[in-house]
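Below is one structure, written out as structure tokens; the observations come after it.
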Amino acid sequence: HFDRPLLGKKIMITAGGTKEAIDPVRYIGNHSSGKMGLALAKRAAQMGAQVALVYGNISVPVPKNSQISLYPVGDAAEMLAQVESLFPDSDALIMAAAVGDWRVKEKADHKLKKQPGVDELTLHFVKNPDILKTVAAQKDRQVVIGFAAETNDLLANAERKLREKGADFIVANDVSGDAFGGDYDQVTILEKEQDPVTWPRMTKDQVAKKLLTLLANRLEKPVRE
Ligand code: C5P
């Protein structure tokens, strides 16, 4: 299967940003467009995979494709629950979602009102679980790929994420330029015990294709015990 190297494989892909509620009408979010995750989902389907797309807030339409199952989620806790439930049946997980690092400690159950004479508001945050790290610890055969968007010390930060999160690959990208929301990306691939490999600047779709080819090669190799 030269043209469909992911035939018979189940690939879970997360995309977009999470929304962490403040009260029933407000949330904390981020600028993730979901483009990288969606490009991965479409390409993986084209390459023969059954795709589970777990997505938060995205600014592009979701693909309509019988090979792509859609799992919309809201906040990080929901994304974790969805990812954990699909993980045992997946051959690989690609975490392209921008998961909120923090959630509001005590969500208001009513809309927070302006008060006359009150000019400041303090919110307390607690840390969200790291989804990638949590599920990577539950790995049996799965290949787990994470992203690291950095504005400085790209390689050092990405190497630490590879180690600490227990991922098989980290796709590091410099987001000090135009990667956020854009169609192009310049990435460096980190893998355990391998030298980092920097790919030339290319479209997110080309990054998706190259990354999924790497994944297909890895999935073909028997599991090392
Ligand atoms: O630590 P940082 O957020 O830079 O790590 C990025 C990688 O970790 C991405 O693959 C992202 O999807 C994943 N992540 C996660 N759970 C979090 C935060 C990030 O799975 N709470």
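All residue numbers for the sequence shown refer to the UniProt record's numbering, where the first residue is 175 and numbers rise by one. Note that the Cβ used here is the ideal one computed from N, Cα and C, for glycine as well. Bear in mind the structure is a predicted one, so any value in this text is a computation, not a measurement.
Worksheet item: Between I344 and the rest of its own chain, which residues show a CB-CB distance below 6 Å, the 5 nearest in sequence each way excluded?
Response: Numbered from 1 along the sequence shown, position 170 holds the residue referred to as residue 344. Closer than 6 Å at the Cβ level, and outside the excluded window around I344, lie G320, A322, A332, K335, L336 and L364.
Fill in: Whole-angstrom distance between K281 and Q220, CA atom to CA atom
Indexing the sequence shown from 1 puts residue 220 at position 46. Indexing the sequence shown from 1 puts residue 281 at position 107. Each residue's CA atom was taken as its position, placing Q220 and K281 some 41 Å apart.
Practice prompt. Measure how close the beta-carbons of A271 and G190 come, nearest whole angstrom, since I'm counting them as under 8 Å.
Written response: If you number the sequence shown from 1, residue 271 lands on position 97. If you number the sequence shown from 1, residue 190 lands on position 16. The pair is a contact, with the Cβ atoms about 6 Å apart (cut-off 8 Å).
Discussion item. Could you check whether D283 and N302 sit closer than 8 Å to each other, using their CB atoms as the reference points?
Written reply: Along the sequence shown, one-based indexing puts residue 302 at 128. Along the sequence shown, one-based indexing puts residue 283 at 109. Taking 8 Å as the Cβ cut-off, N302 and D283 do not qualify as a contacting pair.
Worksheet item: Going by beta carbon distance, what residues of the same chain come within less than 7 Å of V234, once the five residues before and after it are set aside?
Response: Counted from its first residue, the sequence shown places residue 234 at position 60. Only S207, G208, K209 and L212 meet the Cβ criterion.
Discussion item. If you measure between the beta carbons of K193 and D249, is that distance less than 8 Å?
Written reply: For the purposes of this step, residue 193 is taken as residue 19 along the sequence shown, with counting starting at 1. For the purposes of this step, residue 249 is taken as residue 75 along the sequence shown, with counting starting at 1. Yes, these two residues count as a Cβ contact at 8 Å.
Worksheet item: Relative to the C-alpha of V199, which residue among M253, L286 and L267 is closest?
Response: Here residue 199 corresponds to residue number 25 of the sequence shown, with the count starting at 1. Measuring from the Cα of V199, the nearest candidate turns out to be L286.
Worksheet item: Just the Cα atoms here: how many angstroms apart are residue 164 and L297?
Response: In the structure as shown, the chain begins at 175 and stops at 399. Residue 164 is therefore absent and cannot be evaluated.
Discussion item. Runs of 3 residues minimum, wholly inside the stretch 208 to 293: which ones carry the beta strand (DSSP E) assignment?
Written reply: 224 to 229, 242 to 246, 266 to 269 and 276 to 278
Fill in: Spatially closest choice to L388 from L328, V318, T325 and D327, by CA coordinates
Sequence index remark: in the sequence shown, residue 388 carries index 214 (1-based). Residue V318 is the option with its Cα nearest to L388.
Item to complete: State the Cα-Cα distance for the pair P370 and V361, rounded to the nearest angstrom.
Response: Looking up residue 370 in the sequence shown gives position 196. Looking up residue 361 in the sequence shown gives position 187. Their Cα atoms are separated by approximately 10 Å.
Worksheet item: In or out: R217 buried (at least 16 other Cβ within 10 Å) or exposed?
Response: Counting from 1 along the sequence shown, the entry for residue 217 is found at position 43. Classification of R217: buried, given that the 10 Å Cβ count is 16 or more.
Item to complete: Confirm the yes/no value for this check: CB of P303, any heavy atom of the ligand C5P, distance under 7 Å.
Response: Working through the sequence shown from its first residue, we reach residue 303 at position 129. Yes, the Cβ of P303 comes within 7 Å of a heavy atom of the ligand C5P.
Discussion item. Less than 7 Å separating the Cβ of L364 from some heavy atom of the ligand C5P?
Written reply: Locating residue 364 in the sequence shown gives position 190, where the first residue counts as 1. At a threshold of 7 Å, L364 does not count as near the ligand C5P, since its beta carbon sits no closer than that to any of the ligand's heavy atoms.
Worksheet item: Relative to the ligand C5P, is the shortest distance from any of its heavy atoms to the C-beta of L306 smaller than 7 Å?
Response: Counting from 1 along the sequence shown, the entry for residue 306 is found at position 132. The answer is yes for L306.
Discussion item. Contact defined as beta carbons within less than 8 Å: I believe residue 151 pairs with A226. What is the distance between those atoms, to the nearest angstrom?
Written reply: The requested residue 151 is not part of the displayed model; the chain covers only 175 to 399.
Discussion item. Looking only at its chain, what residues have a beta carbon closer than 6 Å to the beta carbon of M269, apart from the 5 residues adjacent to it on each side?
Written reply: Indexing the sequence shown from 1 puts residue 269 at position 95. Same-chain partners within the cutoff: T188, L306 and G320.
Item to complete: Take the Cβ of K395 as the centre, count every other Cβ of all protein chains shown within 10 Å, and call the residue buried at 16 or more, exposed below.
Response: For this step, residue 395 is matched to residue 221 along the sequence shown. It counts as exposed.
Worksheet item: Where do the N-terminal and C-terminal ends of the alpha helix (DSSP H) with T308 fall, by residue?
Response: Reading the sequence shown from its first residue, position 134 is the one you call residue 308. Segment I305 to A310, the alpha helix (DSSP H) holding T308.
Worksheet item: Given a threshold of 16 other Cβ atoms within 10 Å of its Cβ, counted over all protein chains shown, does E399 qualify as buried or as exposed?
Response: Taking the first residue of the sequence shown as 1, we reach residue 399 at position 225. Confidence at E399 is low in this model, with a pLDDT of 48, below 50, so its placement is unreliable and no value can be given for it.
Fill in: Boundaries (first-last residue) of the alpha helix (DSSP H) holding E338
Mapped onto the sequence shown, residue 338 falls at position 164. That run of the alpha helix (DSSP H) goes L328 to K339.
Item to complete: Could you check the C-alpha separation between A255 and V273 for me, to the nearest Å?
Response: In the sequence shown, counting from the first residue as 1, residue 255 sits at position 81. In the sequence shown, counting from the first residue as 1, residue 273 sits at position 99. Rounded to the nearest angstrom, the two C-alpha atoms are 13 Å apart.
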